[in-house]
Amino acid sequence: MTRRGDKAIRATVSMKIALSEPLLVLVNNYVKALRFTLFWLKEIVPNPNEKRVISKIHEELYTRLREEYNLPSKVAEDCYRDALSIYKSWYNNPKEGRFPRVYKPTV
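Under this note's numbering, think of the first position of the sequence shown as 18, with each following residue one higher.
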């Protein structure tokens, strides 16, 4: 991000990447794990705003995401953190609406 005076200039970079079979498998596993984690949070965590919820999620889901969905360490952590942020945004919305669903991967 570049600063011009006191205003910030925001830039978005889009690029094409070469798709390989292992990358597609990883992305598909990530989306499946994200769906699983969201529904797990809905059943197990009644209030995502309470203290130490991230450590509870880590204890319960980290090894499961690594083993069942074959996610690397950092990706497994990013997965449950991403799911928690999606769940919190839905939970803290006063109108709530329908439960969030994940169809496409996000980076």
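Idealized CB from N, CA, C, for every residue including glycine.
What's the call for residue i, buried or exposed, on a 16-neighbour Cβ count within 10 Å?
{"i": "A28", "result": "exposed"}
{"i": "A50", "result": "buried"}
{"i": "T54", "result": "buried"}
{"i": "L88", "result": "buried"}
{"i": "I74", "result": "buried"}
{"i": "L36", "result": "exposed"}
{"i": "I26", "result": "exposed"}
{"i": "I103", "result": "buried"}
In whole angstroms, what is the alpha-carbon distance linking residue i and residue j?
{"i": "K121", "j": "S31", "result": "17 Å"}
{"i": "K68", "j": "R52", "result": "23 Å"}
{"i": "Y108", "j": "P65", "result": "8 Å"}
{"i": "R81", "j": "V48", "result": "15 Å"}
{"i": "N71", "j": "D23", "result": "A small correction: the amino acid at residue 71 is Ile; Asn does not occupy that position in the sequence shown. Rounded to the nearest angstrom, the two C-alpha atoms are 36 Å apart."}
{"i": "R115", "j": "S90", "result": "31 Å"}
{"i": "N46", "j": "L40", "result": "10 Å"}
Hey, residue i and residue j are a contact pair by Cβ (cut 8 Å); roughly how many whole angstroms apart?
{"i": "A100", "j": "Y79", "result": "In fact, because the Cβ distance is near 12 Å, the residues do not count as touching under 8 Å."}
Item to complete: Any chance you could list the alpha helix (DSSP H) runs of at least 4 consecutive residues sitting entirely within the stretch 87-113, in chain order?
Response: Segments of the alpha helix (DSSP H) lying fully in the stretch 87-113: 90-108.
Discussion item. Please give the ranges of any alpha helix (DSSP H) in the stretch 27-64, keeping only runs that are unbroken, at least 4 residues long and fully inside the region.
Written reply: If we require 4 residues or more, the alpha helix (DSSP H) runs fully inside the stretch 27-64 come out as 38-61.
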